[in-house]
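**Student:**
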Amino acid sequence: QTKGGRAVKGIFRRSILKQYLLILSCLLTLTLALSAVGYGYLYRLMTKNAATYAQDTARRFDAEIQYTIRRADSIFVNLLFDPSIEQFLLAPYSRETPRYINSLQVQFSSYSIMNEDIADIALASPEMCWSNYFDAATLRGFCAQMEASYGVKCLGLHASPLTAFKKSGEVRLVFARNMYGMHNNTSYGRFLGTIFLSLDLRKSPITLPTDGALGTYFILASSNG
503 QTKGGRAVKG IFRRSILKQY LLILSCLLTL TLALSAVGYG YLYRLMTKNA
553 ATYAQDTARR FDAEIQYTIR RADSIFVNLL FDPSIEQFLL APYSRETPRY
603 INSLQVQFSS YSIMNEDIAD IALASPEMCW SNYFDAATLR GFCAQMEASY
653 GVKCLGLHAS PLTAFKKSGE VRLVFARNMY GMHNNTSYGR FLGTIFLSLD
703 LRKSPITLPT DGALGTYFIL ASSNG
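Residue 672 in the working numbering is what sits at position 170 of the sequence shown, and the numbering runs on without skipping anything.
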């Protein structure tokens with residue numbers, strides 16, 4: 503072979519190597535582009551699925567809460583028209599007190615049997631506090647939140663300060679409604695006290711949203727933050 507022939511073959515080999523590297527670069531670029539497009543599509547799909555899951559869960563949770571509020575309101579309406587409760591709040595330390603308490607215990611027990619998530623029905627007035635779950639100081643604090651209120655109000659999730667009921671993670675969803683005189687002419691329209699309804703969410707039809715599904719997390723907050 504002549505010197506010129508070897509030079510031609512070297513140039514030819516270098517051309518093949520350049521072509522190979524060019525093709526390899528194109529394939530690598532195409533692979534990266536397809537990976538980026540695929541990742542973007544997959545990310546949008548997962549985000550869309552997570553958003554749909556979050557919206558459906560929030561919508562279902564809201565419907566369950568609204569149902570619970572309506573159920574609580576129905577129970578409150580029946581309690582508000584009970585003359586025994588009115589008389590008990592008017593005169594909590596009279597000779598009729600044992601009879602009122604016996605009547606209320608029977609009535610509250612019947613509500614608890616029909617609604618297994620009812621953990622406690624409590625009463626509070628300027629003269630007395632009655633509850634199996636909360637102490638007087640807690641009920642007084644709740645009453646302060648109910649000033650000038652005429653409808654059902656959800657006070658949020660609360661744990662009992664009573665040592666006999668202190669358990670890790672045990673809380674109650676508390677609803678309250680003020681009671682005004684209805685049956686006695688001398689006390690008609692007068693503020694008598696507040697009725698509290700505490701629900702055990704572990705026995706409630708409410709399904710609390712769970713974290714972790716599809717990378718979605720939920721934060722439950724009250725209007726007060």
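C-beta atoms are modelled at their ideal positions from N, C-alpha and C, and glycine is treated no differently.
Counting only the same chain and skipping the five closest in sequence on each side, list residues whose C-beta sits under 6 angstroms from that of residue 629.
**Tutor:** 594.
**Student:** Determine the DSSP secondary structure at residue 709, reduced to helix, strand or coil.
**Tutor:** Three-state DSSP puts residue 709 in coil, outside helix and strand.
**Student:** What separation, rounded to the nearest whole angstrom, lies between the Cα atoms of residue 647 and residue 699?
**Tutor:** Roughly 15 angstroms separates the two Cα atoms.
**Student:** I need the boundaries of the alpha helix (DSSP H) containing residue 587, first residue and last residue.
**Tutor:** Taken as a continuous stretch (DSSP letters only), the alpha helix (DSSP H) holding residue 587 covers 585-592.
**Student:** Let me make sure I understand the geometry here. Which of 608, 581 and 635 has the alpha-carbon closest to that of residue 675?
**Tutor:** Taking only the C-alpha atoms, the option nearest residue 675 is 635.
**Student:** Exposed or buried, which one is residue 578 when buried takes at least 16 other CB atoms within 10 Å?
**Tutor:** Its Cβ being crowded by 16 or more others within 10 Å, residue 578 is buried.
**Student:** Please identify the residue among 563, 692, 597 and 664 whose C-alpha is closest to the C-alpha of residue 652.
**Tutor:** Ranking 563, 692, 597 and 664 by Cα distance to residue 652 puts 692 first.
**Student:** Pair every Cβ in the stretch 567-575 with every Cβ in the stretch 695-709, then say whether three or more of these pairs are closer than 8 angstroms.
**Tutor:** With a cut-off of 8 angstroms, the stretch 695-709 and the stretch 567-575 count as touching, because enough Cβ pairs lie within range.
**Student:** If I follow the unbroken beta strand (DSSP E) through residue 680, where does it start and stop?
**Tutor:** Looking at the DSSP string, the run of the beta strand (DSSP E) that includes residue 680 is 674-682.
**Student:** Evaluate residue 631 with the Cβ neighbour count: other Cβ atoms within 10 Å of its Cβ, from every protein chain shown; 16 or more gives buried, anything less gives exposed.
**Tutor:** It is buried - the Cβ of residue 631 has at least 16 other Cβ atoms within 10 Å.
**Student:** Comparing alpha-carbon positions, which option in 661, 644 and 662 lies nearest residue 654?
**Tutor:** That would be 644, whose Cα lies nearest to the Cα of residue 654.
**Student:** Between residue 619 and residue 575, what straight-line distance do the alpha-carbon atoms span, to the nearest angstrom?
**Tutor:** Looking at the two C-alpha atoms, the distance is approximately 15 angstroms.
**Student:** Residue 624: which of 596, 600, 520 and 681 sits nearest, CA to CA?
**Tutor:** Of the candidates 596, 600, 520 and 681, the one whose C-alpha sits nearest the C-alpha of residue 624 is 681.
**Student:** Would you call the stretch 683-690 in contact with the stretch 542-551, where contact means no fewer than 3 C-beta pairs closer than 8 angstroms?
**Tutor:** The stretch 683-690, when compared against the stretch 542-551, does not touch it at the 8 angstroms Cβ threshold.
**Student:** In or out: residue 728 buried (at least 16 other Cβ within 10 Å) or exposed?
**Tutor:** Nothing about residue 728 can be read from this structure; the chain reaches only from 503 to 727.
**Student:** What does a CB cutoff of less than 6 angstroms around residue 656 pick up in its chain, not counting 5 residues either side in sequence?
**Tutor:** Correct list, in chain order: 677.
**Student:** Are there 16 or more other CB atoms within 10 angstroms of the CB of residue 592, so buried, or fewer, so exposed?
**Tutor:** Residue 592 is buried by the Cβ-count criterion.
**Student:** In chain order, what residues of the same chain lie with their CB nearer than 8 angstroms to the CB of residue 513, ignoring the 5 residues before and after it?
**Tutor:** Because the pLDDT of residue 513 is 49, which lies under 50, any placement of that residue in the model is unreliable, and the number read from its coordinates should be weighed accordingly. Answer for residue 513: no residue qualifies.
**Student:** Return helix, strand or coil for residue 614, following the three-state DSSP convention.
**Tutor:** Residue 614: helix per DSSP, three-state reduction.
**Student:** Look at residue 622 and residue 612 and say whether their C-beta atoms are less than 7 angstroms apart.
**Tutor:** Contact: no.
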